[in-house]
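Here's the structure we're looking at; comments come further down.
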Amino acid sequence: MTAPRPRAAASAVTRRSYDTVAERYAAEIGDELEGKPLDRALLDAFAELTSDGPVVDVGCGPGQATAHLARRGARTFGADLSPAMCAVAHRATALPFAAADMTALPIRSRSVSGILCWYAVIHLSPSERAAAYTEFARVLRPAGHALLAFHTGDDDTRPGQASHLTEWWDHPVDLTFRFLDPVAETAALAQAGLTLTARLDRAPHPGHEHPSHRTYLLVRRLPSERDAGSRIL
């Protein structure tokens, strides 16, 4: 078994891979939400739940979900490990984007009402996902929401397994895609202080996406004793 890469090395490899395919990625999936009614409905509900403050789309890619939230009135901005993805997203949407690692977000504690993380934690190891969930809890306001989406399995891969890609759209990449167990991720989120509000499992939309089964978790940061009586500005 290959030893896991240190976080810095793993993030550098993922960053380079997405920088390489950023333009093609945007061209291929920039309009994906048009064929995904359940995804649009979830994003619409999330925009309503987080209407009282800023929302960050973590692992935003070319910004298609960021833009959808903005059209629904959310005060949203995007963050992605790949600077090239951020540049593509800003060019397409005129919204603010910044390069950032979700395990160490450059965002003030308790400052956002919502976090969207759409198929981004699939590149993280279990310990890295735990670090990311801790960061989500840190930057969320008390009672703030996070909405996560991830793959759970396809014809070749089951929850807990992974697939590796070395070429994507004729570009060399080095990307590991993890298929996650919703029960395990719900427990990991709870460990970080994010409690489950709702869960949706769905089959793939034929012709619009990779034929994998997916799970969506809506979680909420519960107020702590430290938050009692405090006001977030």
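Heads up: the sequence shown at position 159 corresponds to 189 in my numbering, and the numbers run straight through without jumps.
Every residue, glycine too, gets a C-beta built ideally from N, C-alpha and C.
A distance below 7 Å between beta-carbons, with the five flanking residues on each side excluded, links Ala218 to the following residues of its chain, in chain order: Arg159, Ala160 and Tyr163.
One thing to note: Ala52 has its Cβ within 7 Å of the Cβ of Val118. Rounded to whole angstroms, Thr106 and Gly83 show a C-alpha spacing of 9 Å. Contact between Ile152 and Phe180 is confirmed by a C-beta separation of about 5 Å, below the 8 Å threshold. With fewer than 16 other CB atoms across the displayed protein chains lying within 10 angstroms of its CB, Gly103 is exposed. Taking Thr44 as the centre and dropping the five residues before and after it, the same chain places the C-beta of Leu111, His153 and Leu205 closer than 7 Å to its C-beta, in chain order. Taking a contact as a CB-CB distance under 8 Å, the pair His175 and Phe76 counts as one, their CB atoms being some 7 Å apart.
For Glu239, the secondary structure class from DSSP, reduced to helix, strand or coil, is coil. Taking C-alpha positions only, Gly183 is separated from Pro189 by approximately 6 Å.
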